[in-house]
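Asker:
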Amino acid sequence: MTSTQRTIFSICITTILTVVNSFISGPRATLLKWALAREGRLEFNSSSNFFITAGGPFSSTGILATSVYAAATVFTFASAAFITVTFDLGDNIDFEGADNRHLLFSDRYYVIFHYVPLIVTGLCVSLQALITLASYRAYTVPTWSGQPFDVAAAAFANGIVSRTEGRCLADFNVASPGAALPMLPSRKHPGLSDVRPALRLIAPAGILLGTFIFALTFSSTLDPNHAWTGPTNIAAASISFTNSGLALALLAAFQAPLTILFHALDIAEAVIEDEQVWRRAARAKGYHPKAGLAGLRPSGRAILVFGSKVGTQWLYSNGIAFVVGAFPVRGPLSGSDGIHTVWRIGQAVTFVAWYLYAAGGYLTVMSVMYRFMGYLGNSRTFQPATFGHIQTSVNAIDDWSEVMYWGHKVGGDVCHAGTSPHPLRPLQPKSIYM
């Protein structure tokens, strides 16, 4: 396999794994959502597959299964980096073989196919699928749609939540959730960081991880003659291993924070999309349902995150790569006279500079961009902020219809805002609503 073929193969493998992971994580998120609903703990339409559990510790959505699922996700991408391995023949490529014939290789570097990591990758993906399948058998799902309106309607119809009258303008974080709340229309609303405080860490975590990736290219083992650009087989630094399992563990340790960060970006994207869906109801065209099976909702941001996953994972897996090398050792050979050259096999995890620079820089930019995207996505209208919050959505929607408009419905001393299948007037800024 040539280096070009390896690049194409690596991109294909990364893309396939990312697609498969999305198709598994979407249904699992839906199953986890309704498991939380059964326990009365369902808050938002979008939640984490890694850090939220439901049921007992040994249930399919419990802490044990969730931990195994997260670890399998990490090892899926870590082991994929081992599928194609660079074989380094060293500087002296003309050596005497066991049959006394001289073996001459035209190149120093070769790319070989390693089937064991492919099996490990397949086992990890299968483990994720089995955990999701176990959840499917354990829980009843009222709707597989990932759209916040569909989920809120199903939760309302099944008695999971009930509507509180008089809270038509209350944001999701307003106190006294069970009481009526007369309010004047306001353009100030909570934002993305108020949904999950941990989402505030996306930008600093991305910068920190990007800086760490940059730091991997500077090491005490740095070769002063290495190339910062050019052939991708020239490493900035390396760590030798005598056991492939230890090398895989190292790659998994590097892969874990990257997987967690992209998981956080997935949550941020989903929460922003939930809010944008709700915002459409106040626009001239209103809300029209779109396909959203099992949490898989195509949008510009979702496509951007998907492309970022594929690109960064590919750069990362090439920047921290597993290399096998052959090197000569001269000395007396047992059972023979004279000095002979014996070829030994060594293996190492290498850090390739330009791949890591690209991955670190791209990751940093993406994290900062998403933090500001969440800030810019905050509402500046009178419409209450829901961000997919189920109870707030049920309070704000008083007419469930396929095509939905939100606005001023009832006038008087105390007005009312709600939804309708027909266009509604804008709210009156100086009127009290409840």
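The numbering of the sequence shown is the UniProt record's numbering, which starts it at 1 and goes up by one. Idealized CB from N, CA, C, for every residue including glycine.
With distances taken Cα to Cα, identify the nearest neighbour of residue 440 among Gly62, Arg28, Leu427 and Pro185.
Answerer: This structure gives no information on residue 440, because the portion of the chain shown stretches from 1 to 434.
Asker: Note down the Cα distance separating Pro27 from Ala54, rounded to an integer number of angstroms.
Answerer: Answer to the nearest angstrom: the Cα atoms are 15 Å apart.
Asker: What did DSSP end up calling Thr84 once you bin it into helix, strand or coil?
Answerer: Strand at Thr84.
Asker: Whole angstroms are fine: how far does the CA of Leu209 sit from the CA of Ile24?
Answerer: So the two alpha carbons sit approximately 26 Å from each other.
Asker: I'd like the span of the beta strand (DSSP E) that includes Ser420, first residue to last.
Answerer: Where Ser420 is concerned, the enclosing beta strand (DSSP E) stretches over Val414 to Ser420.
Asker: Compare the Cα-Cα distances from Phe372 to each of Leu250, Arg167, Leu265 and Phe212 and report the closest residue.
Answerer: Of the listed residues, the one whose Cα sits closest to Phe372 is Leu265.
Asker: Let me know if Ala253 comes out buried or exposed under the rule of 16 or more other beta-carbons within 10 Å of its beta-carbon.
Answerer: Flag for Ala253 reads exposed.
Asker: Please state the DSSP three-state secondary structure of Phe387.
Answerer: The answer is coil: DSSP assigns Phe387 none of H, G, I, E or B.
Asker: Below 7 Å between beta carbons: does that hold for Ala302 and Leu199?
Answerer: Contact: no.
Asker: Contact between the stretch 172 to 179 and the stretch 64 to 77: three or more CB pairs below 8 Å?
Answerer: Not touching, per the Cβ criterion.
Asker: With 16 as the cutoff for other CB atoms within 10 Å, does Glu165 come out buried or exposed?
Answerer: Classification of Glu165: exposed, given that the 10 Å Cβ count is below 16.
Asker: Only counting the same chain, and skipping five residues up and downstream in sequence, which positions put a Cβ closer than 7 Å to that of Trp400?
Answerer: Within the same chain, Trp400 has close Cβ partners Ala153.
Asker: Less than 7 Å between the beta carbons of Val277 and Thr15, yes or no?
Answerer: It is not a contact, given that the beta carbons lie outside the stated cut-off.
Asker: Is the beta carbon of Ala80 less than 7 Å from the beta carbon of Ile13?
Answerer: Closer than 7 Å, so yes.
Asker: Do you know how far the Cα of Gly245 is from the Cα of Gly191?
Answerer: Approximately 44 Å, taken between the alpha carbons.
Asker: Using the three-state DSSP reduction, which class does residue 494 fall into: helix, strand or coil?
Answerer: Lying outside 1 to 434, the shown extent of the chain, residue 494 is not represented and no answer is given.
Asker: For the alpha helix (DSSP H) that contains Cys124, what are its first and last residues?
Answerer: Element bounds for Cys124: Tyr115 to Ala138.
Asker: Pick helix, strand or coil for Arg425, following the three-state DSSP scheme.
Answerer: Three-state DSSP puts Arg425 in a strand.
Asker: Taking a contact to mean a Cβ-Cβ separation below 7 Å, would you say His114 touches Val74 in this structure?
Answerer: No, Cβ-Cβ distance for His114 and Val74 is not below 7 Å.
Asker: Given a threshold of 16 other Cβ atoms within 10 Å of its Cβ, counted over all protein chains shown, does Arg6 qualify as buried or as exposed?
Answerer: Arg6 comes out buried.
Asker: For the alpha helix (DSSP H) that Asn318 lies in, which residues bound it at each end?
Answerer: Gly300 to Gly319 is the extent of the alpha helix (DSSP H) around Asn318.
Asker: Assuming Gly407 contacts Ala284 under a Cβ cut-off of 8 Å, what Cβ separation, rounded to an integer in Å, is found between them?
Answerer: Incorrect: roughly 11 Å between the Cβ atoms, too far for contact.
Asker: Give me the residue from Val161, Ala179 and Leu356 with the minimum Cα distance to Cys168.
Answerer: With distances taken between Cα atoms, Cys168 lies closest to Ala179.
Asker: Exposed or buried, what is Arg196 when buried is set at 16 or more other beta-carbons lying within 10 Å of its beta-carbon?
Answerer: Arg196 should be labelled buried.
Asker: In terms of DSSP beta bridges, what is Met183 paired with?
Answerer: Tyr433, per the DSSP bridge assignment.
Asker: Using the Cβ count rule (16 or more neighbours within 10 Å means buried), how would you classify Ser162?
Answerer: By the neighbour-count rule (16 or more Cβ atoms within 10 Å), Ser162 is not buried but exposed.
Asker: Can you tell me the Cα-Cα spacing of Gly300 and Asp413, whole angstroms?
Answerer: Using only the alpha carbons, I get a separation of about 43 Å.
Asker: Using a threshold of 7 Å, state whether the C-beta atoms of Leu304 and Ser135 are closer than that.
Answerer: Not closer than 7 Å, so no.
Asker: I'd like the ranges of any beta strand (DSSP E) spanning at least 3 consecutive residues and lying wholly in the stretch 31 to 59.
Answerer: Runs found: none.
Asker: Residues in the same chain with beta-carbon distance under 8 Å from Phe404, minus the five sequence neighbours each way, listed in chain order, please.
Answerer: Just to set this straight, residue 404 is Met in the shown sequence, not Phe. Once the five neighbours on either side are set aside, the close Cβ partners of Met404 are Phe149, Ala281, Gly286, Tyr287, Ile397, Thr419, Ser420 and Pro421.
Asker: Across which residues does DSSP place Tyr69 in a beta bridge pair?
Answerer: Answer is none; Tyr69 lacks a bridge partner.
Asker: Is the separation between the beta-carbon of Gly319 and that of Ala359 shorter than 7 Å?
Answerer: Yes, Cβ-Cβ distance for Gly319 and Ala359 is below 7 Å.
Asker: In chain order, what residues of the same chain have a beta carbon less than 8 Å from the beta carbon of Leu315, not counting five sequence neighbours either side?
Answerer: Same-chain partners within the cutoff: Tyr355, Leu356, Ala358, Ala359 and Tyr362.
Asker: Given a cut-off of 7 Å on the beta-carbon distance, is the pair Ile131 and Tyr69 in contact?
Answerer: Result yes, Cβ atoms of Ile131 and Tyr69 sit closer than 7 Å.
Asker: Per DSSP, which one or two residues make a beta bridge with Tyr287?
Answerer: In the DSSP output, where bridge partners are listed per residue, Tyr287 has Met404.
Asker: Do Gly206 and Thr364 have their beta-carbon atoms positioned less than 7 Å apart in this structure?
Answerer: Closer than 7 Å, so yes.
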